[in-house]
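Numbering (the UniProt record's numbering), first residue to last: 1 to 147. Heads up, the beta-carbon is just placed ideally off N, CA and C, and yes, glycines get one too. On a predicted model such as this, the values are computed, not experimentally measured, just so you know. I have placed the structure first, in the form of structure tokens, so that the comments after it can refer back to it.
Below, the structure written as structure tokens:
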């Protein structure tokens, strides 16, 4: 029986050593897989950060383009309004010249009182003379502030 127990102990020790060897070997095999997984995670994280940075840059560019377009639109609108007011001033000067000359028309198309905003042309608008005159005064104020 003692002989049998010794052999049993030897077999158990060999089995434990074999299991330990295979466990270590399996752990070594899993280690490269773990490092590959970690590398993949790291690279995906870097790509994600890069995509976020790119998205931020694209957003900044879009905002810049929108702002420049709005500024251009505002400048065009201001220029159009200024041109309209200049035409109005010219029309009122012609009207003033006509009134000062006693109502005699010495030049062609001198009888111009105002500016027709709907048609976009200089037009005789006698009923709106006081209104147009107030617009002229506001234009002169605007012109002084621009200088």
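Buried/exposed call for residue 91, threshold 16 Cβ in 10 Å:
buried
Apart from the five residues on each side of it in sequence, which residues of its chain come closer than 7 Å, Cβ to Cβ, to residue 66?
Answer for residue 66: no residue qualifies.
By the three-class DSSP mapping on this structure, what secondary structure does residue 1 have?
Per DSSP, reduced to three states, the secondary structure at residue 1 is coil, with no helix or strand assignment.
Report yes if the C-beta of residue 87 is less than 7 Å from at least one heavy atom of the ligand ADP; otherwise report no.
The model on display carries no ligand, and the ligand ADP is accordingly not part of it.
Could you give the DSSP three-state label for residue 89: helix, strand or coil?
helix
Does DSSP put residue 108 in a helix, a strand or coil?
Any reading at residue 108 must be qualified, since the residue scores a pLDDT of 49, below 50, and its modelled position is unreliable; the value itself is stated next. Reduced to three states, the DSSP call for residue 108 is coil.
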